[in-house]
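Here our numbering is used: position 158 in the sequence shown is 192, and no number is missing along the way.
Before any comments, here is the structure.
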Amino acid sequence: MTMAHIVSVSGGKDSTALYLRAIERGLPFRAVFADTGNEHEWTYDFVRALPGLTGGPEIEWVKADFSRQLAKKRDYISRVWPAEGIDQAKVDRAVALLQPTGNPFLDLCLWKTRFPSSKTRFCTDETKLVPMFEAVQRPLLEQGMILISWQGVRHEESLARSGLPRLQKINPVPYSMPAAVRRAGEKWAAYAYRPLIDWKVEEVFAYHRRHNVPWNKLYDHGMGRVGCMPCIMCKKDEMLAISQRFPDHIDKVAEWETLVSEVSKRGNSTFFNVTDDPLLANGWEAEGYDWSLARTGIHARVEWSKTTRGGLQYDALALLQSDFNTSCNQWGACE
Ligand code: SF4
Numbered sequence: 035m036t037m038a039h040i041v042s043v044s045g046g047k048d049s050t051a052l053y054l055r056a057i058e059r060g061l062p063f064r065a066v067f068a069d070t071g072n073e074h075e076w077t078y079d080f081v082r083a084l085p086g087l088t089g090g091p092e093i094e095w096v097k098a099d100f101s102r103q104l105a106k107k108r109d110y111i112s113r114v115w116p117a118e119g120i121d122q123a124k125v126d127r128a129v130a131l132l133q134p135t136g137n138p139f140l141d142l143c144l145w146k147t148r149f150p151s152s153k154t155r156f157c158t159d160e161t162k163l164v165p166m167f168e169a170v171q172r173p174l175l176e177q178g179m180i181l182i183s184w185q186g187v188r189h190e191e192s193l194a195r196s197g198l199p200r201l202q203k204i205n206p207v208p209y210s211m212p213a214a215v216r217r218a219g220e221k222w223a224a225y226a227y228r229p230l231i232d233w234k235v236e237e238v239f240a241y242h243r244r245h246n247v248p249w250n251k252l253y254d255h256g257m258g259r260v261g262c263m264p265c266i267m268c269k270k271d272e273m274l275a276i277s278q279r280f281p282d283h284i285d286k287v288a289e290w291e292t293l294v295s296e297v298s299k300r301g302n303s304t305f306f307n308v309t310d311d312p313l314l315a316n317g318w319e320a321e322g323y324d325w326s327l328a329r330t331g332i333h334a335r336v337e338w339s340k341t342t343r344g345g346l347q348y349d350a351l352a353l354l355q356s357d358f359n360t361s362c363n364q365w366g367a368c369e
């Protein structure tokens, strides 16, 4: 059987080092980038430039399309919401808004009528792994090839990643896909290969220098990680840095919150999960909790990110545990 080497590129430092490592190894490989629709424009520019900077292969660009799911959702809401007594004007408004925008992250949230959260992180599967699997990996596996999925994860990144082996037999089918496909995946010959697994972060940057390849300039502008801007797992200091340097991305999310709230039954959906709200004294179940976006939306979280005292953080345990047994951990699709 022939091996197919597939390198996942995200535009971050680790996946760039991975791409360089694959070039250095001299094996034929394909590189793939999943456009979530929530990346910084510098990341898109960087990924487009990478083959030219390195002499490496073109990077295949994949993008999830949720048109079919949105059509089903429109049909569901038209039929079910009126029967549940929901005001027809609200139903009509939701149906009118549930149209594909072409932005995968936004369309995913419109379809789900909510944003992902640390405990329900469907974004990685739906915007990254499924489109990569369908466009690149599945056709190779169905031809009987052995998939070697190169992943730029490192032990020191997190507790969840600290136990990952360098080479591991995997089921290549993303968790969110139907059970029948997952079962078929058990029989495919697929391996995760993690050549950077014991590298330290300094080695990753040094490797860029050795190859005379710049890293994504977001790292020089206060960003500790490259990926969605912002990520739903964004930490307090990172959110502050984004709001100061890239306020357009905060405004973008605020617009998304308004849209997704309009299609949600409760009329409120926030990028950062309300149940993780670090400002909650009495819990969101408390009577009189202010559900307005002004109180719960991203602009309110930005204001919180400016505070220096209080020690209030998102649910630290949830954040710590959220990488275990997830696509993010198994595939390292998010930095
Ligand atoms: S970077 Fe964050 S928001 Fe984006 S897909 Fe990964 S976990 Fe989700």
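Just so you know, even glycine gets a beta-carbon here, dropped at the ideal spot from N, CA and C.
| Item | Value |
| --- | --- |
| Whose CB is closer than 5 angstroms to a heavy atom of the ligand SF4? List the residues in chain order. | Cys157, Thr158, Gly261, Cys262, Cys265, Ile266 and Cys368 |
| With 16 other CB atoms within 10 Å as the buried threshold, where does Gly136 fall? | exposed |
| Roughly how many angstroms lie between the CA atoms of Phe280 and Asn246, to the nearest whole one? | 28 angstroms |
| Given a threshold of 16 other Cβ atoms within 10 Å of its Cβ, counted over all protein chains shown, does Glu191 qualify as buried or as exposed? | buried |
| If we call anything under 8 angstroms between Cβ atoms a contact, is Ala128 one with Val297? | yes |
| So what does DSSP say about Ile57, is it helix, strand or coil? | helix |
| Identify the continuous beta strand (DSSP E) that holds Met211 and give its terminal residues. | Per DSSP, Met211 belongs to no beta strand (DSSP E) and is neither H nor E. |
| Compare the beta carbon distance of Pro206 and Phe156 with 8 angstroms and say whether it is the shorter of the two. | no |
| Could you check whether Lys97 and Trp145 sit closer than 8 angstroms to each other, using their CB atoms as the reference points? | no |
| Cα-Cα, which of Asn302, His333, Trp338 and Pro91 is closest to Ser326? | Asn302 |
| Where does Asn359 land, buried or exposed, given buried means 16+ other C-beta within 10 angstroms? | Unreliable positioning characterises Asn359 in this predicted model, as indicated by a pLDDT of 47, which lies under 50. The coordinate reading is nonetheless provided below. Exposed, because fewer than 16 other Cβ atoms sit within 10 Å of the Cβ of Asn359. |
| Quick one: what's got a C-beta closer than 7 angstroms to Lys340's C-beta in the same chain, skipping five residues either side? | Leu274 |
| Taking only the alpha-carbon atoms, compute the straight-line gap between Phe139 and Leu201 and give it to the nearest angstrom. | 31 angstroms |
| Could you pull the start and end residues of the alpha helix (DSSP H) that Ile284 belongs to? | Pro281 to Val297 |
| Note the first and the last residue of the continuous beta strand (DSSP E) segment covering Gln122. | Run containing Gln122: none in the beta strand (DSSP E); it sits in the alpha helix (DSSP H), Gln122 to Leu131. |
| Cα separation between Gly90 and Asp254? | 24 angstroms |
| Roughly how many angstroms lie between the CA atoms of Gln185 and Ile231, to the nearest whole one? | 9 angstroms |
| Over what stretch of residues does the alpha helix (DSSP H) that includes Ser42 continue unbroken? | That residue, Ser42, is in no alpha helix (DSSP H); its beta strand (DSSP E) goes Met37 to Ser42. |
| Given this structure, state the Cα-to-Cα distance separating Glu337 from Ile111, to the nearest angstrom. | 35 angstroms |
| Less than 8 angstroms between the beta carbons of Val81 and Ile40, yes or no? | no |
| Report the residue ranges of all alpha helix (DSSP H) runs contained in full by the region 45-98; include only those spanning at least 4 residues, in chain order. | 47-59 and 75-88 |
| Alpha carbons only, please: which of Leu132, Thr36, Lys47 and Leu52 is nearest the one belonging to Lys299? | Leu132 |
| Among Thr161, Tyr225, Glu73 and Thr88, which has the Cα closest to the Cα of Cys262? | Glu73 |
| Tell me whether Ser152 sits in a helix, a strand or coil according to DSSP, three-state version. | coil |
| Can you tell me where the beta strand (DSSP E) holding Gln202 begins and where it ends? | Leu201 to Lys203 |
| Taking all protein chains shown into account, decide if Arg188 is buried (16 or more other Cβ within 10 angstroms of its Cβ) or exposed. | buried |
| If you draw a straight line from the C-alpha of Asp126 to the C-alpha of Tyr323, how long is it? | 28 angstroms |
| Phe63: which of Lys203, Asp48, Val43 and Arg217 sits nearest, CA to CA? | Val43 |
| What number of angstroms, rounded off, separates the C-alpha of Asp271 from the C-alpha of Gly60? | 40 angstroms |
| List the whole-angstrom C-beta distance separating Tyr225 from Lys203, where the pair is believed to meet the contact cut-off of C-beta under 8 angstroms. | 6 angstroms |
| Among the residues of its own chain, which have a CB less than 8 angstroms from the CB of Val170, if the five just before and after it don't count? | Ile40, Arg64, Val66, Glu94 and Val96 |
| Tell me the rounded alpha-carbon separation between Ala288 and Lys162. | 23 angstroms |
| Grab me the residues of Met37's own chain with a C-beta within less than 6 angstroms of its C-beta, minus the 5 sequence neighbours each way, in chain order. | Ile180 and Ile182 |
| For Tyr227, does the three-state DSSP call read helix, strand or coil? | strand |
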